[in-house]
Each structure stands twice: as C-alpha cells, then as structure tokens.
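First the structure, in the form of structure tokens, and then the observations on it.
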Amino acid sequence: MRQFPGPTTAIRAGGIGEKRLGRSVLRDAGFPGRRVLWWWMRLELTPLQARLRERLTSRNPKTEDDDTLIQAAVAVVFAPDPDAILFIERAERADDPWSGHVSFPGGRSDASDSDLLATAVRETMEEVGVVLHPDQLLGTLDDVAPRRTHLPPIMVRPFVFALDQRPRLALSEEAAEAIWAPVETLLGPDANHALMVGVGGTRRTYPAYRLGPRVVWGMTERIVTPLLALLEG
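Taking numbering that gives the first Met the number 0, I'd label the letters of the sequence shown as residues 0 to 232.
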C-alpha cells in the first residue's frame with residue numbers, strides 16, 4: 000500500500016499491497032458457477048458505522064420501478080481506521096461511458112444474480128477482490144439514474160457495507176486504482192468542489208468532491224451527498 004500526498008490512501012493497479020487478478024481467476028477462487036456463497040460472520044462496528052446503520056434502517060429508500068432501465072448496483076464500503084469509504088478509479092476503456100471516473104465498485108446485473116444485492120457483492124469481488132457478506136450490510140440508499148441523456152438508461156442501487164478492517168485488494172482490469180477516502184475529509188469544507196463539464200457543445204457546472212488530484216461527481220456524487228447528510232444529521 001502506497002501513501003499518496005493529500006487526505007486519501009490510494010492503491011494503484013500492480014502496486015505494493017495489491018495484486019491484479021483477472022475476472023476468471025476471481026470467479027474461480029471459491030465461487031463456482033459465479034454464484035456468491037454466503038456464510039455467517041460477526042461484525043464489530045465502529046461508532047460511525049453503528050450510527051449509519053441506525054439511520055439507514057430507520058428510512059425507506061426510494062426505488063426506481065422502471066423496467067425499461069438497465070439494472071445495476073454498487074457497494075459503498077466503509078472500513079477503519081480512520082473510518083473511510085472505498086472508491087475506485089475506473090480504467091480507461093473505449094466502451095465505458097464512465098471511463099476514468101471515480102466511482103464505487105459495482106456494475107450491471109447479471110443473469111446469475113438472484114437480486115441486486117448479489118450484483119453488488121459479485122461486482123465488488125470481481126473488481127477489487129473483496130468478498131462481502133450479508134452481516135456486513137448496513138442498509139440501502141436511494142436508487143440513482145443518469146440525468147444526462149447521452150448516457151445509457153441505467154438504474155443504480157447503492158448498498159452500504161461495513162468492514163472491521165481494510166482488506167487486501169486485488170484489482171481487476173476494470174479498476175486502475177483503489178482509493179480509501181476518510182469520511183472526515185469528505186465532510187470537510189475543502190472537499191466541496193464545483194466541476195465544469197462540456198456536454199453536447201455546452202458547459203455546465205456540477206457539484207463534486209475533490210480527493211487530492213481526483214474528482215467525485217455525477218451519479219457517484221449523488222450517492223455520496225445524501226450518505227454524508229445521514230452522517231451529519
């Protein structure tokens with residue numbers, strides 16, 4: 000694991016403390032037929048994680064019931080110490096409209112997934128090599144969909160998980176880098192940022208968060224902002 004200047008801890012693909020595994024290796028490592036295997040475990044929550052679980056379970060997340068939308072899910076993973084959230088910087092790919100963006104581990108639902116929770120778990124295992132368990136689930140945030148019409152018609156459901164320590168990561172070819180962003184940094188005034196983006200010949204300003212040289216915006220920002228509001232409320 001390398002320490003980078005600024006408030007975040009980043010793990011680059013092929014860097015120290017990380018090994019790169021292709022999708023086939025991750026799928027075959029104890030997950031025959033790409034099925035996610037669940038087992039019981041006991042989770043010790045930090046005070047922040049416990050507070051977040053209480054607030055998530057006391058609300059009803061808004062769901063998008065549009066069958067015409069592509070179904071997808073992401074995992075918002077918390078781990079100490081200090082309390083931080085796991086982001087990935089997506090690898091540069093011509094077929095990915097979110098290529099190079101900072102996002103959460105996740106992706107589209109697969110025919111093998113029993114539900115969107117299984118999608119979030121499978122995608123997290125494939126992209127960063129972390130196996131998530133039901134007992135680590137704190138709750139669900141509101142569904143989000145792109146607001147820009149040139150993006151795919153997709154619905155993303157964010158599932159929030161808590162770990163009791165930062166795991167060893169194994170990045171797939173879809174993730175160029177993994178970033179642990181401290182919650183305290185995201186809540187600080189220096190993280191708020193306005194991003195100017197050119198779309199269809201016009202330029203618009205979007206709310207964003209700055210994590211050192213990286214920027215969190217778009218659908219990921221629309222997941223992060225209400226999540227932080229729950230922590231502050």
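Glycine included, C-beta positions come from ideal geometry on N, C-alpha and C.
None of these values were measured; they are calculated from a predicted model.
Rounded to whole angstroms, how far is the Cβ of residue i from the Cβ of residue j, which I believe are closer than 8 Å?
| i | j | result |
| --- | --- | --- |
| Leu162 | Ala78 | 4 Å |
| Asp158 | Ala72 | A quick correction: the sequence has Phe, not Asp, at residue 158. Indeed, because the Cβ distance is near 6 Å, the residues count as touching under 8 Å. |
| Gln135 | Phe160 | 5 Å |
| Leu210 | Ala180 | 5 Å |
| Leu131 | Ala74 | 6 Å |
| Ile177 | Leu168 | Reading off the sequence shown, one finds Ala at residue 177, where the question assumed Ile. About 5 Å separates the two Cβ atoms, so the contact holds. |
Hey, does residue i have any beta-carbon neighbour from chain B nearer than 8 Å?
| i | result |
| --- | --- |
| Ala190 | Protein chain content of the structure displayed is limited to a single chain, and chain B is not contained in it. |
Give the DSSP bridge partners of residue i, in chain order.
| i | result |
| --- | --- |
| Asn191 | Tyr208 |
| Leu229 | Note: Leu229 sits in no beta bridge, so no partner. |
| Ile69 | Ile153 |
| Arg203 | Val196 |
| Ser111 | According to DSSP, which records beta bridges pairwise, Ser111 is partnered with nothing at all. |
| Ala144 | Beta-bridge pairing links Ala144 to no other residue. |
| Val101 | Glu88 |
| Val75 | Val159 |
Indicate whether residue i and residue j have their beta-carbon atoms separated by less than 8 Å.
| i | j | result |
| --- | --- | --- |
| Pro60 | Leu140 | yes |
| Val129 | Val214 | no |
| Leu51 | Leu230 | yes |
| Thr45 | Asp82 | yes |
| Leu68 | Ala144 | yes |
| Met195 | Glu63 | no |
| Glu173 | Glu126 | yes |
| Ala190 | Thr184 | yes |
| Pro70 | Leu116 | Checking the displayed sequence, the identity of residue 70 turns out to be Gln instead of Pro. No; because the gap between Cβ atoms is not below 8 Å, this pair is not in contact. |
| Ala193 | Pro212 | no |
Count the other CB atoms, across all protein chains shown, that sit within 10 Å of the CB of residue i; report buried if there are 16 or more and exposed otherwise.
| i | result |
| --- | --- |
| Ser108 | buried |
| Ala110 | exposed |
| Val223 | buried |
| Gly106 | buried |
| Arg156 | buried |
| Gly217 | buried |
| Gln164 | exposed |
| Arg121 | buried |
| Asp142 | buried |
| Arg221 | buried |
| Thr123 | buried |
| Thr201 | exposed |
| Gly66 | Looking at the sequence shown, residue 66 is not Gly but Asp. By the 10 Å Cβ count, Asp66 comes out exposed. |
| Thr219 | buried |
From which residue to which residue does the beta strand (DSSP E) around residue i run?
| i | result |
| --- | --- |
| Arg156 | 153-161 |
| Val182 | Per DSSP, Val182 belongs to no beta strand (DSSP E); it is in the alpha helix (DSSP H), 182-186. |
| Pro131 | Rather than Pro, the amino acid found at residue 131 in this sequence is Leu. Element bounds for Leu131: n/a, residue is neither H nor E. |
| Leu136 | 136-139 |
| Arg107 | 105-107 |
| Val214 | 213-215 |
I'd like the span of the alpha helix (DSSP H) that includes residue i, first residue to last.
| i | result |
| --- | --- |
| Thr118 | 115-127 |
| Leu51 | 46-56 |
Looking at the ligand NAD, does it come within less than 7 Å of residue i, judged from the CB to the closest heavy atom?
| i | result |
| --- | --- |
| Asp141 | The ligand content of the structure shown is nil, which means the ligand NAD is not present either. |
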